[in-house]
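Written below as structure tokens is the structure these notes are about.
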Amino acid sequence: MMGKATFNRNESADKLVSEGPGLPGSVMANRSAETMPDACFSSVEVPWSLIDPDLQDLSHDCRNYIRYCKLQHEPATSKMLTLSDVPVDLEMSKECVVYYQTSSNPFLALMPLMAKSKALSHTMIAISAFHYSHRLLINKAQVPSGEPGAVGPTSLWHVPHDHDWQLAQSSLSSTLQTALAHKQKALQWLKSEIDSHDVTNNDAVVAAIVLFVCMDVVEFGSRGWEHHLGGAGKILQKRRSALENEGYESSPWLEYFDTAYTTFGILGATLAPAKGFFSQQLASLDPSLMKALRQSEDQTWVGCPAELLYLISIINSLRSDLLMVSERQVAVEGLCNSLENFSPSAWAMDFSDPHYHESRSHLAHAYKSAVEVYASHIIGNSSEENYLSKYYLDGAIQSAILHMLSIPAQDFHVKSLVWPAFILGAEAQTIELRNMKRKQHAGKDMGAKFPHPLCPLSGAEIQAAAQVIQTSWPQSVSLRFKVVTLSEPAKAELAPYLDAKDKGLSPTQPDRRAFLAYYVRGTDLFHEAIVNLTTGKVESNVKLGANVHGNVDYDEAQMVEKIALEDPKVLAEIEKLELPEGTVVCADPWIYGSDGVNDDERLYQVFLYMRDPNNSAEPDSNHYAFPLPILPVVECNGYKIIRIDILPTGADNTIKPLSPYRPKPANEYIPESQNLRKDLKPLHVSQPEGPSFTVTPIGETGNVLEWQKWSFFIGFNQREGMVLYNVKYDGRPLFYRLSLSEMSVPYGDPRHPFHKKAAFDLGDAGAGATANNLQLGCDCLGSIQYLSGVIADDRGQPDPRENCICIHEQDAGISWKHTNYRTGRAAVVRSRELVLQSIITVSNYEYILMFIFNQAGEVTYEVRATGILSTQPIDHELDKVGTSFGTVVHPGVLAGHHQHIFSLRVDPMIDGHTNQLVYSEAHKMPRDPNWNPHGTGYEVVDKVVEKTSGLDLDFDLNRTFKITNPNSLNPVNGKPVAYKIMAPPFQKLMSDSDSFNYKRAEFADHNIYVTTHRDRELYAGGWYTNQSRGGTGVRGWSQRNETLTPDSDIVVWVQFGINHVPRIEDFPVMPVEILKVHLKPVNFFDKNPALDVPPSQQSFNKSTLVESSKVVKGEVDGCGCEAPSSKL
């Protein structure tokens, strides 16, 4: 008979623990609502199979704990139980295997063995009580208020296990007391039974040992697994020998024990390194081992692919110091090859039931990444370019977490994620990653915070998105990523979210999504995709059509340079120039442009130059002073030279044979080549109390700026660079989104191949991709705060952009002033401006891009163009003659005429999202003898723009465009509140309307375009500008001819630019050309909003008086701001 003891409700668990095996009495644990709520067990009939003589010492509650394991049949009657016999949420045995099939669930057959081992019966009671106690704790934490005690379908494996989870149950619940008591009792019986010859080799004893390993997993943190597993191994060895000696067939239980023993040993050794069998030798791929590992795929809850379990055993053995160096090298090489070649998708598909394929694929991806992480810790990271590099693993971790997120909490595969979740969660280096892991493992958001919806993608998100797309292709396919960036939430979803956040509410965050554009390397297959980072799913992934090409990326441009400079055919042409010995030839890869002539494939045209032959070792030598008449053309599938164009160098199309180089002087811009001025004194911008702005980081990549009543969110992306969102003044909404949308730079030389010089610097290259690392005291003066960004490289890895935005204040002269000539008192206020500046370098040109805010509610977008002219060779005979389409700026150097045309995208929300575009014109009043007898009168007339269209300024009429809100009226004059657009005049696109330039630069023919808002319509020249054909930009959108009403949600596109006719003063480097677009309030405020700015006073400004003979540091307040005494 079994040992007996009493355990009443009012007695402690120690009472049972203190009684050893074989003592009289019966286990009488009184039923308790705390132990087993009536909702769980009151309606459950205990099967008679559990009330046989061998189990009479178990109380009703203990039998219910046993039944909690869900007995599938009664051995005495062979009566099958249905799901209705036990509540669905009380099927613990379901969690002991991956796929719940009676034939592959050895746990179900443990009940009949209980009569043979007291240790097993107490072990099963203990593990069931532990499981149920943990479930009660989970539900207590997750059940909504008002539903206490409800037990839902929450799995034990759905939440992370803390080492002290038991302590979270105040004063140890009765359920947990029962578990601990029976665990101790089982240990006592196990010790007794192992010493007994009659039962040592009993299946039930070995089962009890294996269950103790399971119990250590449930308790999580116990290291007893190694001791239990070691003992079980010895018993199994003895049992197998005994059976073989006696001629018996192997017991079915031995296969399961082998499986459990092997699986727990391999995985357990990864968490707490074993010192015994598991670390002594290199695992060998013998059939018996693989058979056991195959069985573990569905006979345990682990679910790890057998191939990966085997590789884990290899990694475990690599931890041993007993291996020879040669053995280790061979093992590591084989390990990496096998791991890299393992296909999660193929493993998932190799399963009979297709219903499970998707979940198995996610599971296998998670396991593979976890094994890669574990391997990297044991064998070390490889170089940055290879498998298991840090870059690779960072992406693999994020991807694996997204795969785990893709398995719903209700999917039983979740329980198989314990080991990969532990490995990957421990490896995650950011709160964001760990929260994503916790969210998946809890089956719900356990308070984890994703970034603000407008936060640019973090490096980890870039890697994860790229990895998700990469793993959707076969492993043999390599991808070249062109763009991996934030896919902004739809305005219909985001605008209410921002409004709620501004009101202090906690709205549901939109899902995080990434937009990707990529090529299959070695092909022209160009795709774009959307990855939902919240769910880890690919929402779209489509191949784009003909004549749709991706942008330049840095690595590709470098590769094209190298190809052009090393090609034998190109070198042969250069040889004809007879350049001086030691000359260094340079290359500028250019987007090919479009003319419709044999340009369907993606191409580069590469302009060649050379450094000053007398100073060829200087890497910063101005090679634009030495253009060469050779232009290789590179195709981008095989990256080969397809032809070499020889440039015309005269005044017409004539192509002349290449002739020897004629020496000419250099023309350098670097300071060491100049005779620098000596009379420039320092000018320090000092803010002793620091700046007046505040930048608040949001998540890892977002920032909110507040300054002088202004507030807005700062974003950054590969294409537009700096983007501003949710711009408000004094809490009033002004602009939903502001960004430079596109820039076109068409050249005016009509000859081949120069006619194809038509760059779209944002669409073809990207303002974020080309952003400079700004330097303190050089690019920005004063008290500077820098913001950094991150974009993606061609491998889908993060590519940081350090200090790509600088923020500072600057004095902007007088804001307003008035002197009362009667009293002599002057009221004067200086204007302070906030500057957000970014500088981009697009090959030869630099653009300084700035958003400028002042204290009067005005926004300015300023562009300063500088850098070096893009040059071409010209015959020396024309040095003093020139051409009509360019300017000779240096001997033998022509700078072609060209235009810079910019498009500023303004998505307004002037006091709300219902805005209209209105233009005002000043008209002369007709002379009238009564009303306008002197002919001096004029009036201003407003006209509402009623259709989407392109419009132009007319300075003869002082035509001024305003964005108004007809639903918000000024309290003083009753007019609609508005912001007016003040843009400089510019000559529209010079290419005719049949040209490819005109078709592609859709924004360049009007000063203003107005369209209705559509989420995808962000870029005035279309989404893909490289060798584009037109028809996908703002001109086409405006031609929808949509009616605009007072309730329309409009977008206004403001064009500005210069017709750059080069001057010789623009070479070797160009002084800045300055362009400004102003957005100014019109009837928006009830008075001058800068009235409350403190007056300008010497005591505050600390200016210094300079005299011809000396410098006086005086405190004289000479501005007349103080109230004088009366003159009367």
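In terms of this note's numbering, the sequence shown opens at residue 97 and continues consecutively.
The beta carbon of each residue, even a glycine, is placed where N, CA and C say it ideally should be.
Keep in mind it's a predicted model, so treat the numbers as computed, not measured.
Inset, instruction - Assign H1030 to one of three DSSP states: helix, strand, or coil. - result: Taking the sequence shown and counting its residues from 1, the one referred to as residue 1030 is at position 934. Here H1030 sits in coil by DSSP.
Legend entry - Counterpart residues of W803 in DSSP-defined beta bridges: One-based indexing of the sequence shown puts residue 803 at position 707. DSSP, once it has assigned bridges, lists W806 as partnering W803.
Legend entry - Three-way DSSP call (helix, strand, coil) for A625 in this model: The residue given as residue 625 occupies position 529 in the sequence shown. In this structure, A625 counts as strand in the three-state DSSP scheme.
Legend entry - Given I810 as reference, the closest of S884, N763 and E768 once Cα atoms are compared: Taking the sequence shown and counting its residues from 1, the one referred to as residue 810 is at position 714. Taking only the C-alpha atoms, the option nearest I810 is S884.
Inset, instruction - Answer with buried or exposed for D449, where buried requires no fewer than 16 other C-beta atoms within 10 angstroms of its C-beta. - result: On the sequence shown, residue 449 is found 353 positions in, with the first residue counted as 1. It is exposed - the Cβ of D449 has fewer than 16 other Cβ atoms within 10 Å.
Inset, instruction - Whole angstroms is fine: what's the gap from D1003's alpha carbon to L830's? - result: In the sequence shown, counting from the first residue as 1, residue 1003 sits at position 907. In the sequence shown, counting from the first residue as 1, residue 830 sits at position 734. C-alpha separation (whole angstroms): 9 angstroms.
Inset, instruction - Answer yes or no: do G1118 and E1098 have a C-beta to C-beta separation smaller than 8 angstroms? - result: The residue labelled residue 1118 in the question sits at position 1022 within the sequence shown. The residue labelled residue 1098 in the question sits at position 1002 within the sequence shown. For G1118 and E1098, yes; Cβs fall inside 8 angstroms.
Inset, instruction - From the DSSP output, in three-state form, read off D620 for me. - result: The count along the sequence shown starts at 1 and reaches residue 620 at position 524. Coil, per DSSP.
Inset, instruction - Below 8 angstroms on the Cβ atoms is my guess for V1158 versus T983; work out the distance and round it to an integer in Å. - result: Residue mapping note: residue 1158 aligns to position 1062 of the sequence shown, counting from 1. Residue mapping note: residue 983 aligns to position 887 of the sequence shown, counting from 1. In the sequence as presented, Val is not what sits at residue 1158; that position holds Pro. So it is a contact: roughly 4 angstroms between Cβ atoms.
Legend entry - 3-residue-minimum beta strand (DSSP E) runs that sit fully inside the region 936-1014, ordered along the chain: 941-950, 955-963, 967-969, 982-986, 989-992 and 994-1004
Inset, instruction - Note down, in chain order, each residue of its chain lying with its Cβ closer than 6 angstroms to the Cβ of S966, except the 5 sequence neighbours on either side. - result: By one-based count along the sequence shown, residue 966 stands at place 870. Contacts found: N940.
Legend entry - Cβ-Cβ separation, A660 to P76 (assumed contact under 8 angstroms), whole Å: In the structure as shown, the chain starts at 97 and stops at 1224, and residue 76 therefore has no counterpart that could be examined.
Inset, instruction - For G1129, write down the residues that DSSP places opposite it in a beta bridge. - result: In the sequence shown, counting from the first residue as 1, residue 1129 sits at position 1033. Answer is none; G1129 lacks a bridge partner.
Legend entry - Sub-8 angstroms separation of C874 and H904 beta-carbons: Counting from 1 along the sequence shown, the entry for residue 874 is found at position 778. Counting from 1 along the sequence shown, the entry for residue 904 is found at position 808. Cβ distance not < 8 angstroms, so C874 and H904 don't count as in contact.
Legend entry - Distance CB(I475)-CB(V428) smaller than 8 angstroms: Along the sequence shown, read from residue 1 onward, the residue named residue 475 stands at position 379. Along the sequence shown, read from residue 1 onward, the residue named residue 428 stands at position 332. Contact flag set, yes.
Inset, instruction - Can you tell me the Cβ-Cβ gap for P849 and F981, rounded? I've got them flagged as a contact below 8 angstroms. - result: Here the question's residue 849 lines up with position 753 in the sequence shown. Here the question's residue 981 lines up with position 885 in the sequence shown. Contact doesn't hold; Cβ gap of about 14 angstroms is too wide.
Legend entry - Whether L675 touches P709 by CB criterion (8 angstroms): One-based indexing of the sequence shown puts residue 675 at position 579. One-based indexing of the sequence shown puts residue 709 at position 613. Yes.
Inset, instruction - Taking all protein chains shown into account, decide if H259 is buried (16 or more other Cβ within 10 angstroms of its Cβ) or exposed. - result: In the sequence shown, the residue the question calls residue 259 occupies position 163. Annotation note: pLDDT 39 at H259 (below 50); position unreliable, coordinate value reported separately. Under this definition H259 is an exposed residue.
Legend entry - Segment limits, alpha helix (DSSP H) that includes N1093: On the sequence shown, position 997 is the one that residue 1093 refers to. Unbroken alpha helix (DSSP H) run through N1093: F1092 to R1096.
Inset, instruction - Tell me C682's beta-bridge partners as DSSP assigns them. - result: Residue mapping note: residue 682 aligns to position 586 of the sequence shown, counting from 1. DSSP lists Y705 as partners of C682.
Legend entry - Whole-angstrom distance between I221 and K281, CA atom to CA atom: By one-based count along the sequence shown, residue 281 stands at place 185. By one-based count along the sequence shown, residue 221 stands at place 125. Taking the straight line from one Cα to the other gives about 10 angstroms.
Legend entry - Among P767, L945 and D748, the one whose alpha carbon lies nearest that of E958: Residue mapping note: residue 958 aligns to position 862 of the sequence shown, counting from 1. With distances taken between Cα atoms, E958 lies closest to L945.
Inset, instruction - Sort out for me which residues DSSP pairs S636 with in a bridge. - result: If you number the sequence shown from 1, residue 636 lands on position 540. I626.
Legend entry - Neighbourhood of H1174 by C-beta distance below 6 angstroms, restricted to the same chain and skipping five residues each side: Residue numbering aside, residue 1174 sits at position 1078 when the sequence shown is read from its first letter. Closer than 6 angstroms at the Cβ level, and outside the excluded window around H1174, lie T956 and M1078.
Legend entry - Cutoff 7 angstroms; reference V616; Cβ partners in own chain excluding five residues on either side: Residue numbering aside, residue 616 sits at position 520 when the sequence shown is read from its first letter. Excluding residues within five positions, the ones whose Cβ falls inside 7 angstroms are V573 and L575.
Legend entry - Which listed residue (L1140, K599, V938 and Q566) has its alpha carbon closest to that of G892: Start at 1 with the first residue of the sequence shown, and residue 892 comes out as number 796. Closest option to G892, Cα to Cα, is Q566.
Inset, instruction - Express the C-alpha separation of H453 and S1064 in angstroms, rounding to a whole number. - result: On the sequence shown, position 968 is the one that residue 1064 refers to. On the sequence shown, position 357 is the one that residue 453 refers to. Near 57 angstroms, if we compare the C-alpha coordinates of H453 and S1064.
Inset, instruction - State the DSSP-derived secondary structure class of F611, mapped to helix, strand or coil. - result: Reading the sequence shown from its first residue, position 515 is the one you call residue 611. In this structure, F611 counts as strand in the three-state DSSP scheme.
Legend entry - For S835, the first and last residue of its enclosing beta strand (DSSP E): Translated into positions along the sequence shown, residue 835 becomes position 739. Start and end: R828 to P842.
Inset, instruction - For W912, write down the residues that DSSP places opposite it in a beta bridge. - result: Position 816 of the sequence shown, counted from the start, is the residue given in the question as residue 912. DSSP output for W912 lists V925 as bridge partner(s).
Legend entry - Segment contact, 8 angstroms Cβ cut-off, at least three pairs: the region 1187-1205 with the region 1100-1110: no
Inset, instruction - Mark P516 as exposed unless 16 or more other C-beta atoms lie within 10 angstroms of its C-beta, in which case mark it buried. - result: Counting from one through the sequence shown, the residue named residue 516 turns up at place 420. It is buried - the Cβ of P516 has at least 16 other Cβ atoms within 10 Å.
Legend entry - First and last residue of the uninterrupted alpha helix (DSSP H) at R739: Residue mapping note: residue 739 aligns to position 643 of the sequence shown, counting from 1. First-last for R739: K736 to I742, but that is the beta strand (DSSP E), not the alpha helix (DSSP H).
Inset, instruction - State the Cα-Cα distance for the pair K760 and H972, rounded to the nearest angstrom. - result: If you number the sequence shown from 1, residue 760 lands on position 664. If you number the sequence shown from 1, residue 972 lands on position 876. Roughly 10 angstroms between the two C-alpha positions.
Inset, instruction - Measure the C-alpha to C-alpha separation of Y196 and I411 and round it to an integer number of angstroms. - result: Position 100 of the sequence shown holds residue 196. Position 315 of the sequence shown holds residue 411. Here Y196 scores only 49 on pLDDT, less than 50, and its place in the model should not be relied on; the value that follows carries that caveat. Rounded to whole angstroms, Y196 to I411 spans 31 angstroms at the Cα level.
Legend entry - Spatial distance of Y1120 from K1084 (CA atoms): If you number the sequence shown from 1, residue 1120 lands on position 1024. If you number the sequence shown from 1, residue 1084 lands on position 988. So the alpha carbons of these two residues sit roughly 22 angstroms apart.
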